[in-house]
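This report concerns only the one structure given below.
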């Protein structure tokens with residue numbers, strides 16, 4: 027350390043300190059006080075330094091003393107080691123002198139061992155026979171004691187031979203051959219123990235002491251195995267037949283017995299009994315429940331605690347059952363056997379009927395599953411393939427039955443509400459509901475897959491149902507005399523489509539949960555619903571097509587030269603529709619509303635079409651007034667008819683009003699008012715086209731084609747559009763109206 031620099035630095039620090047303390051004049055009065063404070067501090071530091079130096083000196087003094095003591099100890103150890111080295115020099119000579127003593131000690135040890143086992147050596151055959159007799163008489167503890175004495179004598183003699191430095195193999199072989207019957211006796215005894223352990227579940231109910239005795243013998247053998255292993259680690263000698271591992275043998279016997287009991291419950295197969303799997307599982311449930319109850323109540327007190335026998339049996343039954351289930355699945359299942367199989371594996375086994383039975387209350391969470399998730403998924407997929415094939419077969423058969431119903435020349439059946447129906451929706455709905463209930467009893471995953479499959483198959487049925495309906499309709503219209511009940515059959519079809527829609531909504535309500543199932547499932551439901559919704563509307567149009575084929579000639583008579591002053595055509599239309607609508611009463615309310623709405627629209631469309639096709643032209647003002655009044659009267663006839671038939675529907679549908687609006691345009695003689703009528707028509711019916719207006723104006727007979735075009739263009743110029751589109755009214759249905767000449 028550089029003390030000079032430290033001294034200089036200390037002085038500089040002191041100057042700075044003094045400058046800080048004496049910055050003002052009044053601080054000079056405290057100089058003595060500052061000086062005393064510094065002196066006290068200096069004295070304190072000096073005292074601390076002296077103390078530290080004294081402490082260091084004391085430590086050095088103690089260290090020197092310890093070094094002196096260590097030096098003396100090292101010198102003493104050195105002298106002792108030299109003396110010990112001198113002593114070791116005479117050890118080889120001493121060893122040679124004691125060789126005779128060692129040999130004599132070895133002989134003495136052998137003689138002692140031979141003397142101790144002499145009685146066993148000379149009585150081996152008699153002891154073996156006596157031990158066998160005790161085994162046969164069930165005196166297992168006496169038999170095992172005798173066997174243990176024989177084995178100990180043999181092992182002690184063999185061990186003495188093993189210790190000899192130059193042992194003769196011939197002596198060892200001769201001794202083993204002499205005790206060969208002892209080995210056979212041990213094997214015979216082990217078979218008897220296996221037999222007893224194999225009957226544990228039966229024996230423990232009547233003679234638990236037999237089981238306890240067998241277990242005591244096994245425990246003795248396990249202890250002997252442990253001692254043999256320990257001696258082998260020390261000396262390298264292992265007695266013949268050791269380790270016996272009788273505990274492992276006993277566990278293997280129990281495991282085999284459990285496997286046989288599980289497999290033995292299968293008393294028949296599918297060819298003998300269709301309910302074989304249900305019965306087999308029920309027998310297994312009863313067997314396992316009863317056996318585990320016996321183990322819990324009777325075996326646990328008999329077995330040593332460290333055997334943990336209840337959990338051992340649970341694992342044995344679990345593993346045996348898992349192997350057995352795999353064999354069953356590999357051999358193949360059919361139909362609802364998959365549901366029975368999965369339901370038992372996933373619910374019954376771990377449920378209150380078996381493992382979670384209050385009397386057992388066994389937790390299997392620490393065990394591996396009976397079937398892996400991959401195996402469960404594979405079984406579910408196999409079941410779904412069978413279900414799909416069944417759906418296709420059942421639905422095709424249902425459709426064939428439905429087609430046969432359509433060909434019947436007899437009135438169809440009605441339900442309690444007098445609606446025409448067939449059994450197809452009920453059959454399909456029952457089929458789907460039953461299979462979804464079965465899937466729901468198994469797992470949520472299988473239920474969701476079954477729902478998707480059901481939706482897909484019912485949608486497929488809707489498509490083939492549509493093809494069959496179109497073929498039925500086409501065939502009928504080729505020869506309408508073939509089936510006089512076509513209208514009734516179509517009513518059944520329309521009602522069926524509504525039933526299928528309701529079924530789709532019910533399935534969605536019960537089995538689809540937003541936020542849990544993906545959007546693809548929601549789209550599948552929507553596709554199913556729309557399929558039958560569209561088919562219902564199409565079928566309703568086919569239903570009306572029958573009526574309007576009869577009415578077409580009468581619509582052709584409207585607004586013609588022969589028509590003026592004669593409303594017989596409209597009266598015929600009304601009467602005919604009334605007759606048909608009497609059958610439409612057999613439609614369900616939702617379908618009746620669709621049919622009446624479609625009927626009103628079609629009537630208005632055809633009447634307006636007849637007006638705009640320009641089959642005649644009014645020549646005078648009186649003709650126009652007369653024609654307009656007749657059109658209004660006929661519109662009123664039709665409107666009153668629909669109001670009587672379906673007042674709620676007719677009051678909301680203004681398609682007939684459009685006919686009256688057109689009649690107002692025909693009737694008006696004031697050109698300015700005519701323009702206003704056109705503007706009012708366009709405002710109320712924004713989808714009216716230029717061709718519609720031109721043909722209407724030309725029907726008047728007092729407007730040229732150029733004027734009609736000009737007036738139509740002007741009227742349409744004020745039309746308001748919404749999002750670039752016109753609101754749809756009855757005029758969207760009036761198509762095929764073309765002006766014969768364009769300027």
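Numbering (the working numbering), first residue to last: 27 to 769.
Backbone N, C-alpha and C define an ideal beta-carbon position, used for all residues, glycine too.
Model, not experiment: these values are computed from the prediction.
Cα-Cα separation, residue i to residue j
i, j, result
"residue 500", "residue 572", "11 Å"
"residue 349", "residue 244", "29 Å"
"residue 406", "residue 355", "12 Å"
"residue 37", "residue 44", "10 Å"
"residue 361", "residue 300", "11 Å"
"residue 639", "residue 721", "7 Å"
"residue 402", "residue 368", "7 Å"
"residue 737", "residue 536", "59 Å"
"residue 768", "residue 666", "At residue 768, the pLDDT of 35 sits below 50, so the modelled position is not reliable; the number obtained from the coordinates is stated separately. When rounded, the distance between both Cα atoms is 39 Å."
"residue 657", "residue 684", "11 Å"
"residue 164", "residue 261", "37 Å"
"residue 341", "residue 277", "12 Å"
"residue 49", "residue 34", "23 Å"
"residue 750", "residue 592", "Here residue 750 scores only 49 on pLDDT, less than 50, and its place in the model should not be relied on; the value that follows carries that caveat. Rounded to the nearest angstrom, the two C-alpha atoms are 43 Å apart."
"residue 269", "residue 255", "8 Å"
"residue 215", "residue 344", "30 Å"
Backbone secondary structure at residue i - three-state DSSP
i, result
"residue 291", "coil"
"residue 440", "strand"
"residue 205", "coil"
"residue 618", "helix"
"residue 29", "helix"
"residue 753", "coil"
"residue 446", "strand"
"residue 359", "coil"
"residue 243", "helix"
"residue 511", "coil"
"residue 350", "helix"
"residue 229", "helix"
"residue 432", "helix"
"residue 300", "coil"
"residue 262", "coil"
"residue 625", "helix"
Contact set for residue i: own chain, Cβ-Cβ below 8 Å, skip 5 residues either direction
i, result
"residue 527", "555, 558, 559 and 562"
"residue 176", "146, 150, 153, 154, 157, 205, 208 and 211"
"residue 224", "279, 280, 282 and 283"
"residue 229", "222, 236 and 237"
"residue 494", "425, 428 and 429"
"residue 372", "402, 468 and 469"
"residue 94", "none"
"residue 595", "580, 581, 583, 584 and 589"
"residue 611", "444 and 618"
Pair within 8 Å by beta-carbon distance, residue i and residue j
i, j, result
"residue 329", "residue 241", "yes"
"residue 609", "residue 514", "yes"
"residue 700", "residue 625", "no"
"residue 623", "residue 679", "yes"
"residue 613", "residue 599", "no"
"residue 4", "residue 525", "Residue coverage of the chain in this structure runs from 27 to 769, which leaves residue 4 outside it and unanswerable."
"residue 351", "residue 396", "yes"
"residue 706", "residue 723", "no"
"residue 725", "residue 637", "yes"
Integer-rounded CB distance, given that residue j should sit under 8 Å from residue i
i, j, result
"residue 533", "residue 480", "7 Å"
"residue 446", "residue 521", "6 Å"
"residue 682", "residue 704", "Wrong, their Cβ atoms sit about 20 Å apart, outside the cutoff."
"residue 660", "residue 590", "Incorrect: roughly 12 Å between the Cβ atoms, too far for contact."
"residue 271", "residue 251", "7 Å"
"residue 383", "residue 315", "6 Å"
Beta-carbon contacts of residue i that lie in its chain and below 7 Å, excluding the five residues immediately before and after
i, result
"residue 421", "454, 483 and 487"
"residue 319", "385 and 386"
"residue 754", "713"
"residue 519", "495 and 565"
Residue-chain proximity (residue i, chain D), Cβ-Cβ < 8 Å
i, result
"residue 521", "No chain D appears in this structure, which consists of one protein chain only."
Own chain partners of residue i with C-beta closer than 6 Å, once the 5 adjacent residues on each side are dropped
i, result
"residue 620", "566"
"residue 258", "264"
"residue 631", "759 and 760"
"residue 99", "none"
"residue 417", "483"
"residue 431", "448"
Near the ligand ADP: residue i beta-carbon under 7 Å from a heavy atom
i, result
"residue 282", "Among the ligands in the structure shown, none appear at all, so the ligand ADP cannot be discussed."
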